[in-house]
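Numbering (the numbering used here), first residue to last: 5 to 499. One structure is given here, and the rest of the page talks about it.
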Ligand code: ACM
Ligand code: ZN
């Protein structure tokens with residue numbers, strides 16, 4: 005192959021010759037049977053002939069043409085018949101840990117559209133920052149959007165923060181709509197809520213004041229599931245956020261919610277008793293299902309991280325994102341008809357340096373699960389690749405980490421497995437550098453994509469030292485002390 009298209013089209017025949025075409029050499033024909041996202045393209049001496057069944061298919065034909073265009077403006081003679089392997093091809097940006105400007109986000113979206121992604125999952129809230137304006141709860145952006153220092157071990161102690169106004173969010177949603185990208189907001193709950201609890205301390209089990217979090221990792225202060233006011237808060241926030249995002253799905257997180265507080269909170273224990281639940285894990289099931297019920301009333305479906313399967317109570321109809329599922333619950337969910345997407349931590353998490361997740365590792369990962377039966381394979385809607393930003397302070401770093409690895413995920417989401425070829429992908433990715441640069445995206449240098457052993461060791465060491473900050477170690481020690489005391493109490497109780 006000599007064309008530089010990413011993702012590689014599913015059928016392609018190259019012919020000798022190329023030509024610079026004028027505007028009236030392009031012919032567009034709507035025809036049945038090409039699917040929602042499919043298109044056909046024929047380029048020969050007589051012109052450029054594009055067929056499609058929907059405007060989205062026509063848009064994707066345009067994205068292929070953008071990549072086919074050579075430096076001299078000519079297009080190669082070619083025949084393409086194309087449609088995607090998966091209907092759900094998502095990228096996630098964490099704007100909570102570090103924010104990106106509206107222009108930066110648009111640059112990323114423009115590149116994602118070029119590679120035929122069709123979902124932007126926007127992680128808008130977390131322990132370390134609340135980034136969406138909510139009129140009913142002004143403290144979320146007055147208090148929760150700012151942290152007392154850059155955090156994550158940064159030496160910069162100036163206050164860090166900000167948020168997106170509703171108008172800015174509407175602008176981004178419209179920018180995505182024009183590119184056939186659905187936007188799914190994430191309000192992560194019941195864990196990863198410290199920024200909200202810093203704004204409204206009554207939302208936690210203890211009600212104690214707490215600051216917006218400065219450390220990475222998993223934190224024990226979460227929303228109280230025994231307090232009705234917490235549900236009112238979540239419903240109100242969802243109602244306002246839904247007004248901004250007109251799409252079918254809404255991400256409600258559900259990941260990394262330690263149950264230490266719920267296990268000892270009188271209100272949570274009362275809720276467990278009242279609802280006839282077995283334990284705090286089932287309390288999360290109850291919590292998530294109530295939120296899903298509210299979304300349902302609004303005509304929306306929920307996306308959740310795979311931890312929400314642990315209670316075995318998850319409502320049918322939810323879409324589960326498989327990021328780290330050691331218990332293989334996603335397979336059971338998919339085999340019984342539940343929809344899943346593959347967002348594998350070890351291959352698709354782009355915040356890890358290339359020494360930890362080399363490009364080849366991302367590219368070589370087939371987004372299917374081992375234990376899926378025929379029904380289960382049909383339940384895999386697609387792929388998602390996130391960029392978490394605890395250690396991604398600026399857009400240059402974000403682009404370095406995402407490009408070209410997000411392009412590898414784009415190809416896994418679109419191109420049939422047997423048609424992929426790593427060596428050819430590397431050639432095409434490098435050939436895309438100029439185009440990306442013209443869009444304001446600076447890809448990682450090719451020498452960094454697949455580091456040799458020394459580079460891998462260096463990246464692994466730097467990864468572990470990132471977490472050895474004084475504040476983080478203090479946090480880890482405090483958790484250990486709490487665990488020891490809880491153990492002692494339990495032992496005392498048993499005696
Ligand atoms: C996650 O990475 N906590 C979903
Ligand atoms: Zn509680």
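For glycine and all other residues, C-beta sits at the position ideal for the given N, C-alpha and C.
Near the ligand ZN: residue i beta-carbon under 7 Å from a heavy atom
| i | result |
| --- | --- |
| residue 294 | no |
| residue 233 | no |
| residue 265 | yes |
| residue 111 | no |
| residue 511 | Only positions 5 to 499 of the chain appear in the structure, and residue 511 is not among them; the question remains open. |
| residue 271 | yes |
| residue 403 | no |
| residue 209 | yes |
Residue i Cβ short of 7 Å to the ligand ACM heavy atom set
| i | result |
| --- | --- |
| residue 260 | yes |
| residue 126 | no |
| residue 134 | no |
| residue 418 | no |
| residue 453 | no |
| residue 337 | no |
| residue 421 | no |
N-terminal and C-terminal residue of the alpha helix (DSSP H) that residue i is part of
| i | result |
| --- | --- |
| residue 145 | 143 to 146 |
| residue 447 | No alpha helix (DSSP H) holds residue 447; DSSP gives it neither H nor E. |
| residue 92 | Run containing residue 92: none in the alpha helix (DSSP H); it sits in the beta strand (DSSP E), 92 to 98. |
Cutoff 8 Å: residue i Cβ touching any chain C Cβ
| i | result |
| --- | --- |
| residue 410 | Although the question refers to chain C, the structure presented lacks it and comprises just one protein chain. |
Any non-hydrogen atom of the ligand GDP within 7 Å of residue i CB
| i | result |
| --- | --- |
| residue 229 | You won't find the ligand GDP in this model; what it holds is the ligand ACM and the ligand ZN. |
Supposed contact pair residue j and residue i - C-beta distance, whole angstroms, cut 8 Å
| i | j | result |
| --- | --- | --- |
| residue 95 | residue 347 | At roughly 10 Å, the Cβ-Cβ gap does not stay under 8 Å, so residue 95 and residue 347 are not in contact. |
| residue 81 | residue 48 | 5 Å |
| residue 131 | residue 196 | 5 Å |
| residue 344 | residue 338 | 5 Å |
| residue 342 | residue 320 | 7 Å |
| residue 385 | residue 55 | About 26 Å; that fails the 8 Å criterion. |
| residue 229 | residue 129 | That belief does not hold up - the Cβ atoms of residue 229 and residue 129 are roughly 18 Å apart, past 8 Å. |
Euclidean distance between Cα positions of residue i and residue j
| i | j | result |
| --- | --- | --- |
| residue 237 | residue 167 | 19 Å |
| residue 267 | residue 393 | 31 Å |
| residue 89 | residue 420 | 6 Å |
| residue 65 | residue 118 | 10 Å |
| residue 482 | residue 114 | 44 Å |
| residue 326 | residue 50 | 48 Å |
| residue 145 | residue 52 | 51 Å |
| residue 13 | residue 425 | 12 Å |
| residue 4 | residue 413 | Residue 4 lies beyond the residue range present for the chain, which begins at 5 and ends at 499; the question has no answer from this structure. |
| residue 305 | residue 405 | 31 Å |
| residue 10 | residue 257 | 30 Å |
| residue 297 | residue 176 | 28 Å |
| residue 224 | residue 301 | 31 Å |
| residue 270 | residue 282 | 15 Å |
| residue 336 | residue 376 | 8 Å |
| residue 26 | residue 78 | 10 Å |
| residue 75 | residue 112 | 23 Å |
| residue 218 | residue 149 | 12 Å |
| residue 211 | residue 457 | 49 Å |
| residue 418 | residue 378 | 20 Å |
| residue 441 | residue 465 | 31 Å |
| residue 71 | residue 430 | 15 Å |
| residue 214 | residue 202 | 5 Å |
| residue 106 | residue 169 | 10 Å |
Residue interval of the beta strand (DSSP E) (run including residue i)
| i | result |
| --- | --- |
| residue 46 | 43 to 48 |
| residue 119 | Neither: residue 119 is in no beta strand (DSSP E) and is coded neither H nor E. |
| residue 79 | 79 to 86 |
| residue 418 | Counting along the chain, residue 418 falls outside any beta strand (DSSP E), though it belongs to the alpha helix (DSSP H) covering 409 to 418. |
| residue 326 | 323 to 326 |
| residue 343 | 343 to 346 |
Closest Cα partner of residue i within the set the options
| i | options | result |
| --- | --- | --- |
| residue 139 | 75, 493, 243 | 243 |
| residue 410 | 398, 91, 358, 79 | 358 |
| residue 164 | 398, 445, 232 | 398 |
| residue 294 | 338, 134, 334, 231 | 231 |
| residue 185 | 319, 63, 469 | 63 |
| residue 500 | 181, 116, 191 | This structure leaves residue 500 out entirely; the chain is present only between 5 and 499. |
| residue 34 | 44, 25, 372 | 44 |
| residue 116 | 39, 217, 401, 182 | 182 |
| residue 307 | 125, 15, 8 | 125 |
| residue 331 | 367, 312, 127 | 312 |
| residue 259 | 284, 465, 241, 309 | 309 |
| residue 15 | 480, 161, 84 | 84 |
| residue 328 | 249, 466, 133, 373 | 373 |
| residue 36 | 22, 57, 20, 29 | 57 |
| residue 333 | 349, 315, 350 | 315 |
| residue 174 | 246, 59, 453 | 246 |
| residue 158 | 475, 278, 199 | 475 |
| residue 241 | 207, 141, 203, 22 | 141 |
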